[in-house]
Amino acid sequence: MARPRHGPSQTIVIKLGTSSIVHETTHRPLLSTLSAVVETVVHLREQGHKVVLVSSGAIGVGLKRMDMAHRPKSLSGKQALAAIGQGRLIALWDNLFGQLEQPIAQVLLTRGDISDRTRYLNAVNTFRELLSMGVVPIVNENDTVSVSEIKFGDNDTLSAITSSMIHADYLFLLTDVDGLYTSNPRKDPSATPIETVSSITAIRSQVSTSTLGSSLGTGGMETKLIAAEIAMAAGVTTVITSSKDPKNIFKIIEYNNALRSGSTTPLEPQSGRSSPVTASSSIAVSNVPTPDPLTTPILGLPRPPHTVFKPSSVPLRDLKSWTSHTLFPSGSVVIDSGAHHVLSRRESGGRLLPAGVLGVRGAFASGQAVRILIRRRTGVAVVAKAEEHVQSSIKKYSEELGTSAPNTPLLLASASATSSISVMDPELEVAAIPALSTVDEDMTPLNTLKVLPEEDQVLVKNPSDEIDDWEVEEVGRGLANYNSAQIDKVKGLKSSYIPQILGYADSEYVVENITIRIPP
0 MARPRHGPSQ TIVIKLGTSS IVHETTHRPL LSTLSAVVET VVHLREQGHK
50 VVLVSSGAIG VGLKRMDMAH RPKSLSGKQA LAAIGQGRLI ALWDNLFGQL
100 EQPIAQVLLT RGDISDRTRY LNAVNTFREL LSMGVVPIVN ENDTVSVSEI
150 KFGDNDTLSA ITSSMIHADY LFLLTDVDGL YTSNPRKDPS ATPIETVSSI
200 TAIRSQVSTS TLGSSLGTGG METKLIAAEI AMAAGVTTVI TSSKDPKNIF
250 KIIEYNNALR SGSTTPLEPQ SGRSSPVTAS SSIAVSNVPT PDPLTTPILG
300 LPRPPHTVFK PSSVPLRDLK SWTSHTLFPS GSVVIDSGAH HVLSRRESGG
350 RLLPAGVLGV RGAFASGQAV RILIRRRTGV AVVAKAEEHV QSSIKKYSEE
400 LGTSAPNTPL LLASASATSS ISVMDPELEV AAIPALSTVD EDMTPLNTLK
450 VLPEEDQVLV KNPSDEIDDW EVEEVGRGLA NYNSAQIDKV KGLKSSYIPQ
500 ILGYADSEYV VENITIRIPP
């Protein structure tokens, strides 16, 4: 492998969309763009970097081969065109890279391929081996065999998951605009470029993601934000820039690497572009944003047009990233607000005790991925009590964890309280409380135990009141240690009761490797 001449070797993923590969109406390959991408990738390899290319376009190439004007609507029609086009697409890439004597490899994936941990690790090892051999893997979704349940949905998401798998340093999402804007720059001349994003949540309220995306592709700017969120969580610097000049990738890497090294000197902003903003600043004219250090031009290095998404300073571990973004959930576990707050803390280890569980939805086996849901009240009559309820719930759940908490035991809900949960939330499957005869004599009688906070107990008295005030929201994902029926039996209990109720205890936690996406 060539030694890097500009800084350390980095792993770079470049995603090229269908609109950058084939013409939207004629479906002919855009050879000038493809050739420029090939030259860029080979040059990066000569610099000592490892490069993975995520390439869309199989269906578009298939349309040209079959002389069809439009994408078919049926799944089988799309899969047939993908089968026709994928061979020609990889042959085109091989021919172009072959001109520069760069070997490539084809890697076709579905979500099902990486939902199984063993197959996922095999894919990771294959990528690692290919990169060590100096090969450029070209990745695409295996559309011929994918069905809706196991599709990534778009190659933006696939590229983000690939970046997470190989622990990439950069993910470049090449598209037909040079970055993220406050509105569609094709329609709004006042659209302002966003140079730096630190929070996807903050940026969603500031920008419009509509209309961007071609008739041949499945993505658009919204899918790029989703991909950036996945990659950022994995510690990958994500960049949106134009595919019209792929050589800008060199300038962007050099620019951002120089910024990180601290060799920056403020210059005047480049002319010809609207004043940029950052995700953390307001769009309002009256609130002029404070310049972000990552958007300050470098002396001798004018900032190339792009939007950079800053990676998380505390990236997810490989297993949590795999659980959160690659597995298809088989069911859901509903937790209380106290458990939600505790799980949001890193010291929780992403592990859920049965005491924080309100119920389950769906059927799932031990080891399968589950959604973590939080049930909230939205009615005006109870909003005032929400904060008090949350604090009480946190204290109770913290005590079961063994952290700072009052000397009040965490107990199981009474029969009347449990049945009222089911009435208030018809979709919430709540198992019957174990009969007293099934519990050891030294346990506290179940009909005297309570777990519901005061807010919930008010509703127990009048279960028909304000039923529509409940809402359930997914806040994270994890791996179940027990199946759905077993978790239903031990919900609300202290973990010490698990062997008495189930007859065994594989773990004191009912769900582990939890990643909380939405904080309290």
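For the sequence shown, numbering that gives the first Met the number 0 begins at 0 and goes up steadily by one.
Quick reminder that beta carbons are idealized off the backbone N, C-alpha and C, glycines included.
Through-space distance from residue j to residue i, alpha-carbon basis
i	j	result
F96	I103	7 angstroms
R374	I515	15 angstroms
S311	V123	22 angstroms
I165	L29	29 angstroms
V489	Y481	10 angstroms
H69	V509	49 angstroms
I248	R345	35 angstroms
N512	G349	5 angstroms
E45	P353	54 angstroms
Q456	G491	Note on Q456: pLDDT 36, under 50, position unreliable in the model; no value is reported.
K14	V235	14 angstroms
E100	T32	19 angstroms
L501	Q485	7 angstroms
S19	V176	11 angstroms
Y254	K309	14 angstroms
S168	A159	In the sequence under discussion, the amino acid at residue 168 is Asp, which differs from the Ser named in the question. Using only the alpha carbons, I get a separation of about 12 angstroms.
S107	R127	Before going on, a small fix: residue 107 reads as Leu here, not Ser. Their backbone Cα atoms lie some 16 angstroms apart in a straight line.
H26	K77	15 angstroms
S131	G361	43 angstroms
T39	L300	19 angstroms
E221	S242	18 angstroms
N94	R118	30 angstroms
Q98	T125	25 angstroms
A79	S114	24 angstroms
P188	Q205	16 angstroms
G133	S260	28 angstroms
Other residues of its chain near residue i: CB distance less than 6 angstroms, five sequence neighbours each side excluded
i	result
H305	G178, V238, T240, I251
A190	Y180, T181, S182, P184
P518	S343
S55	G16, T17, N154
S506	N480
L129	A104, P136
L74	none
Beta-carbon proximity list for residue i, same chain, < 7 angstroms, skipping 5 on both sides
i	result
R370	P328, S331, E473, R476
T161	V12, V51, V53, V138
I89	Q105, I137
D66	none
S365	A479, N480, Y481, N482
Sub-8 angstroms separation of residue i and residue j beta-carbons
i	j	result
L120	V138	no
A504	Q367	no
V333	L357	yes
Q9	H48	yes
A35	P245	yes
G520	G59	Outside the shown range of the chain (0 to 519) lies residue 520, about which nothing can therefore be said.
S483	F363	yes
K223	L172	yes
A227	I193	no
Closest Cα partner of residue i within the set the options
i	options	result
A338	T125, R350, G355	G355
V313	V206, L107, M231	M231
E23	T39, V40, G61	G61
E470	Q499, S336, D115, K223	S336
S197	D115, V176, I229	I229
R203	I225, S260, G133	I225
L91	S242, V37, S75, V134	V37
L258	V206, Q205, A201, T195	T195
A81	G133, S260, V144	V144
Distance between beta carbons of residue j and residue i, contact taken as under 8 angstroms
i	j	result
A233	S163	4 angstroms
T109	E140	6 angstroms
K63	V21	7 angstroms
D112	A57	The pair is not a contact, with the Cβ atoms about 17 angstroms apart (cut-off 8 angstroms).
V359	D487	5 angstroms
Own chain, CB closer than 8 angstroms to residue i, minus 5 neighbours either side, in chain order
i	result
L351	V332, I334, A338, L342, I371, G477, Y508, V509, V510, E511, I513
M442	For M442, the predicted model reports a pLDDT of 36, less than 50, meaning its position is unreliable and no value from the coordinates is stated.
Interface flag, residue i vs chain D, CB-CB below 8 angstroms
i	result
L372	You won't find chain D in this structure, because it holds only one protein chain.
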